[in-house]
Amino acid sequence: MNHFPREWLNLQYLDPERFLVGLREIALTLPPDVHYKVASLRTHDLRKASESRQAALFAHGMGQVLRTPIVFAISEAQDYDAVVKYATDGKINYIPIQLKEWVPNFLNPSATLQSELDKLSKYTDSKDLAVAFHLNRDATIHLSQLKFPHGKIGALWFYGATDLAQKRWRLIGNLMLPGASAYEFHYPVT
Numbered sequence: 533m534n535h536f537p538r539e540w541l542n543l544q545y546l547d548p549e550r551f552l553v554g555l556r557e558i559a560l561t562l563p564p565d566v567h568y569k570v571a572s573l574r575t576h577d578l579r580k581a582s583e584s585r586q587a588a589l590f591a592h593g594m595g596q597v598l599r600t601p602i603v604f605a606i607s608e609a610q611d612y613d614a615v616v617k618y619a620t621d622g623k624i625n626y627i628p629i630q631l632k633e634w635v636p637n638f639l640n641p642s643a644t645l646q647s648e649l650d651k652l653s654k655y656t657d658s659k660d661l662a663v664a665f666h667l668n669r670d671a672t673i674h675l676s677q678l679k680f681p682h683g684k685i686g687a688l689w690f691y692g693a694t695d696l697a698q699k700r701w702r703l704i705g706n707l708m709l710p711g712a713s714a715y716e717f718h719y720p721v722t
């Protein structure tokens, strides 16, 4: 994105690998009987931590795909939740990210991926916006059966863990362009 809001220069950008390693270290210290909503960052007070985790996972995965460091900042302004920043050919790039999640089945068994994608139709003039969609449930996805919000957003990426320990992840996209690809990446470790 060539033109960007000046306030993006002043955001606090974080290294996704360091953030995720730190978050995993905290999770390992939690008592085994901690409530699911706390452990999974699903309380109102932990909402920013949850969004930061999602943004960090996406930024880390994209960094692995592009083979370049990508940092992220949480910024709940307008139609986006985060901003990622990275350099290519000596130029700094910024991309606003809207974070979405297809929640685990036991939290909302009636939610379908298509119904979640249909909610993206509210974005009418968001050609620079990338939507990072966390597929947080065990499911087989048939991309050919999904209707994507073409012309509404600039990019659509799916990402999710491919194992229960959440060590291996997959990133799929850009689904707004022909020839989207799937990429594998690993949760960072110390």
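Numbering-wise, the sequence shown is residues 533 to 722 according to my numbering.
Don't be surprised by glycine CBs; every beta carbon is placed ideally from N, CA and C.
A check of alpha carbon separations from Leu707 across Tyr568, Gly686, Pro720 and Gly692 identifies Gly686 as the nearest.
Annotation: Ile673 is outside any alpha helix (DSSP H) and is labelled neither H nor E by DSSP. For Gly593, the enclosing alpha helix (DSSP H) covers residues Arg579 to Leu598. For Tyr655 and Gln586, the gap between their C-alpha atoms comes out near 20 Å.
DSSP places Asn542 in the helix class (H, G or I) of the three-state scheme. Judged by beta-carbon spacing, Lys623 lies beyond the 8 Å limit of Ile606, meaning their Cβ atoms are not closer than that value.
Residue burial is scored here from C-beta neighbours: Tyr568 has fewer than 16 other C-beta atoms within 10 angstroms and is therefore classed as exposed. Where Arg556 is concerned, the enclosing alpha helix (DSSP H) starts and stops at Pro548 to Thr561. In the three-state reduction of the DSSP assignment, Ser653 falls in the helix class, which pools H, G and I. In this structure, Glu648 is the residue among Pro641, Ala643 and Glu648 with its C-alpha nearest to the C-alpha of Leu631.
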